[in-house]
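One structure below.
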Amino acid sequence: MADEIALLSTWPSMFGMRVRVALAEKGLKYEYREEDLRNKSPLLLLMNPVHKKIPVLIHNGKPISESMIIVEYIDEVWNHKSPLLPTDPFQRAQARFWADYVDKKLYDTAKKIIWSTKGEEQETGKKEFIECLKLLEGELGDDPYFGGENFGFVDVSLVTFSCWFHTFESYGNFSIETECPKLVAWTKRCLEKESVSSSLADPHKIHDFASGVRKRLGIE
Amino acid sequence: MAEEVKLFGKWASPFCCRIEVALKLKGVEYEYIEEDMLNKSPALLNYNPVHKKIPVLVHNGKPIAESLVIMEYIDETWKHNPILPIDPFEKAMARFWAKFIDDKFWALWPGVKKAITSSGEKEREEGIEEAQLHLNALETQLKEKKFFGGEKLGFVEISASLLIWIVVFQEVMGVEILTQEKFPALHKLTQKFVDDDVFKQCVPPWEPLVAYFKAQWGTLAASK
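Top to bottom, those sequences are chains Y and X. Read left to right, the first sequence gives residues 186 to 405 (the numbering used here). Read left to right, the second sequence gives residues 6 to 229 (the numbering used here).
This is the structure in structure tokens:
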């Protein structure tokens, strides 16, 4: 029986993009459904009744939610090519730790930069965001990828934030390349991969999208 | 080379308890090192420089941090008595529910904190209501028997053991948040942990735990 794969997501979501990258790494065909988060489809509400959020992967009718849980699922089921997690348990633990770090720290600090109404909160967000990126840059070290020689789990968790960098820089009034040149070099390296370049949204379109949200929130 | 397993923890921490349960279920011998969180050891800061928190598992000198990450490491390293299911979909579900429980536990905190530190009755009640909102979400999922698939203690059950701490909190606060009446399924679950042989060895003794949080929160309330 052929695998039936569907992905419910929204085009600007860095979390949804993670799943797209993983699916592309594995060379998988799937149906993509764009969700309107202000008018969630019955399918989304049925497939993720707990959180009602995207992304949701539906594999042969069975739904999986939470982006890095989906990525790990994809890696385990389609283990014939492009392994995203290493085989050694300690290295796997390190990869999970850093992906968890990206999830816990990066998104919340970034939100303050672009959705904040208070200048002080924005400055704090910017400072914390740069600190997080610097720590991640340190972890990358001299390796081409977080996965070492190969693109892996942590790379997937972080690279999708890169199409939002231009937006963060614009509203935060700073240059990520100045602060973290090695990390920006890493994003360019990742973008050379078809799986990444075909999955990430255009940074300028993201900026327009963010601008629209800010106008709606009354902060622009 | 002999295995060297160390666990840096805090006796009153629910996250540490999870790791001890996992290690005991696997029959892994380990050295437990109690950390004073107000005076963290150089070893802890060396092993977990990013978060500087417990628990940290150190296996043959290599540190692993974050309780759910540690639990997966334990399951992958000591393969007998598996904690996680083998089927990838079931595994994804287990990870989802463990994360859900963690998220709800942290979401409870502002409400609990409000209830402890508020001097006004109205604010206290608001705090309790907020905490109960998140408990409701947990109760709803439990009722539908989405997790807790069997008699065996697995990834989700072990993660859920931190619910016992909510029962501790209510005794400390002198308010009933997790009542049998309002949350029958959650209440039944906490009883299951209290009765389980392995958990009994890992969950700290009741009276000292209550006393510990009373002292902690006394400071918290006084400092407000």
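Where is the CB? At the ideal position from N, CA and C, for every residue including glycine.
Considering just the uninterrupted stretch of the alpha helix (DSSP H) at residue i, what are its terminal residues?
i         : result
Arg223(Y) : Neither: Arg223(Y) is in no alpha helix (DSSP H) and is coded neither H nor E.
Ala70(X)  : Element bounds for Ala70(X): not the alpha helix (DSSP H) but the beta strand (DSSP E), Lys67 to Ala70.
Phe160(X) : Phe160 to Ala165
Val398(Y) : Pro388 to Leu402
Lys11(X)  : Taken as a continuous stretch (DSSP letters only), Lys11(X) belongs to no alpha helix (DSSP H), being part of the beta strand (DSSP E) at Val10 to Gly14.
Leu143(X) : Glu126 to Lys148
Ile239(Y) : Segment: none, Ile239(Y) is in no alpha helix (DSSP H) and carries neither H nor E.
Phe188(X) : Unbroken run through Phe188(X): none, as it is neither H nor E.
Gly201(Y) : Met199 to Glu210
Asp202(X) : Asp202 to Cys207
Pro227(Y) : Pro227 to Met232
Val173(X) : Ile169 to Met178
Val26(X)  : Pro19 to Leu30
For the beta strand (DSSP E) containing residue i, name the first residue and the last one.
i         : result
Ser250(Y) : Lys247 to Ser250
Ala191(Y) : Ile190 to Ser194
Glu39(X)  : Glu36 to Glu39
Between the alpha carbons of residue i and residue j, how many angstroms are there, rounded?
i         : j         : result
Lys84(X)  : Pro274(Y) : 11 Å
Glu334(Y) : Ala284(Y) : 18 Å
Pro19(X)  : Trp300(Y) : 34 Å
Phe338(Y) : Arg281(Y) : 8 Å
Pro115(X) : Thr122(X) : 10 Å
Pro240(Y) : Trp196(Y) : 10 Å
Lys205(X) : Lys225(Y) : 45 Å
Phe188(X) : Trp102(X) : 18 Å
Ala386(Y) : Ile190(Y) : 21 Å
Ala70(X)  : Asp92(X)  : 25 Å
Asp221(Y) : Ile254(Y) : 23 Å
Glu186(X) : Gly132(X) : 19 Å
Asp202(X) : Asn44(X)  : 33 Å
Phe218(X) : Val177(X) : 7 Å
Met199(Y) : Asn53(X)  : 28 Å
Val172(X) : Trp16(X)  : 17 Å
Met232(Y) : Tyr258(Y) : 16 Å
Gly66(X)  : Ala278(Y) : 14 Å
Leu214(X) : Ala395(Y) : 47 Å
Tyr37(X)  : Phe13(X)  : 6 Å
Cys207(X) : Lys119(X) : 29 Å
Tyr330(Y) : Glu377(Y) : 12 Å
Ser166(X) : Ala112(X) : 16 Å
Lys367(Y) : Val74(X)  : 27 Å
Gly159(X) : Lys31(X)  : 12 Å
Leu28(X)  : Asn86(X)  : 11 Å
Trp223(X) : Ile361(Y) : Looking at the sequence itself, residue 223(X) is Gly, so the reference to Trp does not match. Whole-angstrom Cα-Cα distance: 44 Å.
Ile59(X)  : Ala48(X)  : 12 Å
Glu39(X)  : Lys11(X)  : 11 Å
Ala295(Y) : Ala7(X)   : 45 Å
Phe174(X) : Tyr35(X)  : 29 Å
For residue i, is the classification buried or exposed, using 16 other Cβ atoms within 10 angstroms of its Cβ as the cut-off for buried?
i         : result
Thr195(X) : buried
Asp80(X)  : buried
Val55(X)  : exposed
Ile404(Y) : exposed
Arg203(Y) : buried
Ala187(Y) : exposed
Ala216(X) : exposed
Trp349(Y) : buried
Trp371(Y) : buried
Glu251(Y) : buried
Lys290(Y) : buried
Trp170(X) : buried
Thr302(Y) : exposed
His389(Y) : exposed
Asp328(Y) : exposed
Arg223(Y) : exposed
Asp293(Y) : exposed
Pro234(Y) : exposed
Gln221(X) : exposed
Met42(X)  : exposed
Gly357(Y) : buried
Val199(X) : exposed
With a threshold of 7 Å (Cβ to nearest heavy atom), would residue i be considered close to the ligand FAD?
i         : result
Lys157(X) : Judged by which ligands are present, the structure shown has none, so any question about the ligand FAD falls away.
Which runs of the beta strand (DSSP E) fall wholly inside the stretch 316-382 of chain Y and span at least 3 residues, in chain order? none
Enumerated in chain order, which unbroken segments of the alpha helix (DSSP H) with a length of 4 residues or greater are wholly contained in the stretch 254-301 of chain Y? 274-286 and 292-300
Quick check: the stretch 210-220 of chain Y against the stretch 257-274 of chain Y, are at least 3 beta-carbon pairs closer than 8 Å? yes
Please specify which runs of the alpha helix (DSSP H), each continuous and at least 4 residues long, are wholly inside the stretch 41-103 of chain X, giving them in chain order. 47-52 and 72-82
Taking 8 Å as the cut-off, does the stretch 91-111 of chain X touch the stretch 303-310 of chain Y (at least 3 CB pairs, one atom from each stretch)? no
Taking contact to mean at least 3 C-beta pairs separated by less than 8 Å, is the stretch 225-235 of chain Y in contact with the stretch 391-405 of chain Y? no
Could you check whether the stretch 376-383 of chain Y touches the stretch 16-31 of chain X, counting it as contact only if at least three pairs of C-beta atoms, one from each stretch, sit closer than 8 Å? no
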